[in-house]
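**Q**
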Amino acid sequence: MVRSPSDKRRLAILISGRGSNMQAFIDACAEGSLPAEIAVVVSNKPDAAGLERAAKAGIPTACVNHRNYDSREAFDAALLACLAPYEPDLVILAGFMRILTPVFIEPYAGRLLNIHPSLLPKYPGLNTHQRALDAGDTHAGVTVHFVTPELDGGPPIIQAKVAIEPGDTADTLAARILEQEHRIYPIAVQWHLSDQLRLTAEGAVLNGELLSHSGVVYDSLSKDHH
Ligand code: GRF
1 MVRSPSDKRR LAILISGRGS NMQAFIDACA EGSLPAEIAV VVSNKPDAAG LERAAKAGIP
61 TACVNHRNYD SREAFDAALL ACLAPYEPDL VILAGFMRIL TPVFIEPYAG RLLNIHPSLL
121 PKYPGLNTHQ RALDAGDTHA GVTVHFVTPE LDGGPPIIQA KVAIEPGDTA DTLAARILEQ
181 EHRIYPIAVQ WHLSDQLRLT AEGAVLNGEL LSHSGVVYDS LSKDHH
């Protein structure tokens, strides 16, 4: 593929389900707040509702069904091969429910982001909202982070906090957190595309500053970070 320097940066989005975060990127690209092109949306599940939403928006889609591979590494190699022709600048995991191995992570090191619905480093893994409720936490939230081989353990970039209200269930909390997800994920991607954000051996660096273990807290964004 021959690309001119004026080409928009190319995103690949990986999903497993409904794709509401993916939709936030489709909207941000369409309205011009994100100067990028979604080159492809890939699911590991053939019936992911997000595939249809992407196709309706005119975005190329593909499915790499993890059930067709007998190891994580074989699946990751197939995923790499699927993305290669699209030459993504950045790979965005958006509700992608497979654990990736270094086979996939290393070639995209520093260009691979995930969104995780907890205030990392708290609650990596599944059932994050219920775990926050069970622990009696006052706040829950969501974190965008760089992906490294440690599950949900890569350096955080940006976090949004949500107060836990009396009577909250995992579902009511998830719904309020999801609204924040759609706000902060495009911000992190915009930082990356404008070369303000990078992954170093020390952690995530934004505008030359090493970010803390929670990344930028969305509510307290200063104008330097916009
Ligand atoms: C989101 O809550 C995200 O944080 C988690 O999976 C969910 C995906 O939702 N990783 P959607 O498919 O983007 O609607």
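Everything in the sequence shown is counted per the numbering used here, starting at 1 for the first residue and increasing by one. Note that CB positions come from ideal geometry on N, CA and C, so glycine has one too.
1) Helix, strand or coil for ARG18 per DSSP?
2) Report yes or no: do three or more beta-carbon pairs, one from the stretch 98-108 and one from the stretch 119-132, lie closer than 8 Å?
3) Kindly say whether VAL205, judged by its beta-carbon, lies nearer than 7 Å to any beta-carbon of chain C.
4) Report buried or exposed for PRO117, applying the criterion of at least 16 other Cβ atoms within 10 angstroms of its Cβ.
5) Using a threshold of 6 Å, is the CB atom of PRO117 nearer than that to any non-hydrogen atom of the ligand GRF?
6) For SER194, verify whether its CB is less than 6 Å away from any heavy atom of the ligand GRF.
7) Check whether the stretch 45-63 touches the stretch 208-220, counting contact only when three or more Cβ pairs, one atom from each stretch, lie closer than 8 Å.
8) Starting from the C-beta of LEU80, find all residues in its chain whose C-beta is less than 8 Å away, skip the five residues before and the five after it, and write them out in chain order.
9) Would you decide whether ILE177 is buried or exposed? Buried here means 16 or more other CB atoms lie within 10 Å of its CB.
10) Could you name the residues of the same chain whose beta carbon sits closer than 7 Å to that of ASN21, not counting the 5 residues immediately before and after it, in chain order?
**A** This is what the structure holds:
1) ARG18: coil per DSSP, three-state reduction.
2) Per the Cβ contact rule, the stretch 98-108 is not in contact with the stretch 119-132 (fewer than 3 Cβ pairs under 8 Å).
3) Note that chain C does not occur in the displayed structure, where there is just one protein chain.
4) PRO117 is buried by the Cβ-count criterion.
5) A distance criterion of 6 Å places the beta-carbon of PRO117 in contact range of the ligand GRF, judged by its closest non-hydrogen atom.
6) Result no, Cβ not under 6 Å from the ligand GRF.
7) Not touching, per the Cβ criterion.
8) Correct list, in chain order: VAL103, PHE104, PRO107.
9) Answer is buried; the Cβ neighbour count reaches 16.
10) Close CB contacts of ASN21 within its chain, under the 7 Å cut and outside five residues either way in sequence, are with ALA94, GLY95, ILE115, GLU181, HIS182, TYR185 (chain order).
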